[in-house]
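Novice: Counting with my numbering, you get residues 50 to 223 for the letters of the sequence shown. We treat Cβ as the ideally placed atom computed from N, Cα and C, and that holds for glycine.
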Amino acid sequence: MKAMKSMKVGKAAGYDRVSLEMLGAGEDVVAGLLYTLFNLCWELKRVPGGRCKAVIVPIYNGKGSQQDCKNYRGISLLSIVGKLYAKVLIERVIKETEEKIWDEKIWNKTYKINLKRLDQEKLEAAANVAFWPENAEGVQCDHKEEAKLFRGTMAQICNLSTPRTSHLKRRAVY
Numbered sequence: 050m051k052a053m054k055s056m057k058v059g060k061a062a063g064y065d066r067v068s069l070e071m072l073g074a075g076e077d078v079v080a081g082l083l084y085t086l087f088n089l090c091w092e093l094k095r096v097p098g099g100r101c102k103a104v105i106v107p108i109y110n111g112k113g114s115q116q117d118c119k120n121y122r123g124i125s126l127l128s129i130v131g132k133l134y135a136k137v138l139i140e141r142v143i144k145e146t147e148e149k150i151w152d153e154k155i156w157n158k159t160y161k162i163n164l165k166r167l168d169q170e171k172l173e174a175a176a177n178v179a180f181w182p183e184n185a186e187g188v189q190c191d192h193k194e195e196a197k198l199f200r201g202t203m204a205q206i207c208n209l210s211t212p213r214t215s216h217l218k219r220r221a222v223y
């Protein structure tokens, strides 16, 4: 699986305690199961609720007293399977965009490269917003902020991938 090979090994596991090394050890069997799961999520336009949960871990900044809470920052450990799904989702969105929207004469290598250079974290966040489960329990989310991020990401995609001439403005996303 291309998405699994592109991820860094040795990262901490998320809420489900599944690491990339565990998935990699299963090789083709696990890849086949993930493929089936991702296709099901894609068709149903939903993801299991556990994929949206994160473990927040405090990390010491390295300055000041370790007893003072202000000298720590939090990091969120997300599910590895959720990250894999986000990568697959991004690739599918790019593929769908190439196939359905763009004429082959317009959609050349330059635009494909620009589209793939977008900030990976913003695209993953947009993918999470697009497939946020409706029945997520105990998950707090600022939907207005997430919607702004999603619109901003879609605007970046359109701005980077829409060809334009000097007399035309970039496409707006609302």
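#1: In whole angstroms, what separates the C-alpha of residue 82 from that of residue 52?
#2: Could you check the C-alpha separation between residue 95 and residue 116 for me, to the nearest Å?
#3: Count Cβ pairs between the region 123-143 and the region 65-76 that sit closer than 8 Å; are there 3 or more?
#4: Between residue 144 and residue 85, what straight-line distance do the alpha-carbon atoms span, to the nearest angstrom?
#5: Return helix, strand or coil for residue 123, following the three-state DSSP convention.
#6: Determine the extent of the beta strand (DSSP E) in which residue 109 is found, giving its start and end residues.
#7: Identify which residue in 58, 88, 121 has its Cα closest to the Cα of residue 74.
#8: Taking 7 Å as the limit between beta carbons, can you name the residues of its chain near residue 70, skipping five residues before and five after?
#9: Can residue 91 and residue 141 be called in contact, C-beta distance under 8 Å?
#10: Under 7 Å Cβ to Cβ from residue 72, same chain only, skipping five residues before and after it: list those, please.
#11: Using the beta-carbon count (16 or more within 10 Å), is residue 61 buried or exposed?
#12: If you draw a straight line from the C-alpha of residue 88 to the C-alpha of residue 134, how long is it?
#13: Quick check on residue 81: does DSSP put it in helix, strand or coil?
Specialist: Let me spell this out:
#1: C-alpha separation (whole angstroms): 14 Å.
#2: In this structure, the CA atom of residue 95 is about 42 Å from the CA atom of residue 116.
#3: With the cut-off at 8 Å, the region 123-143 and the region 65-76 touch.
#4: 19 Å
#5: strand
#6: 103-109
#7: 58
#8: 58
#9: yes
#10: 53, 79, 129
#11: exposed
#12: 10 Å
#13: helix
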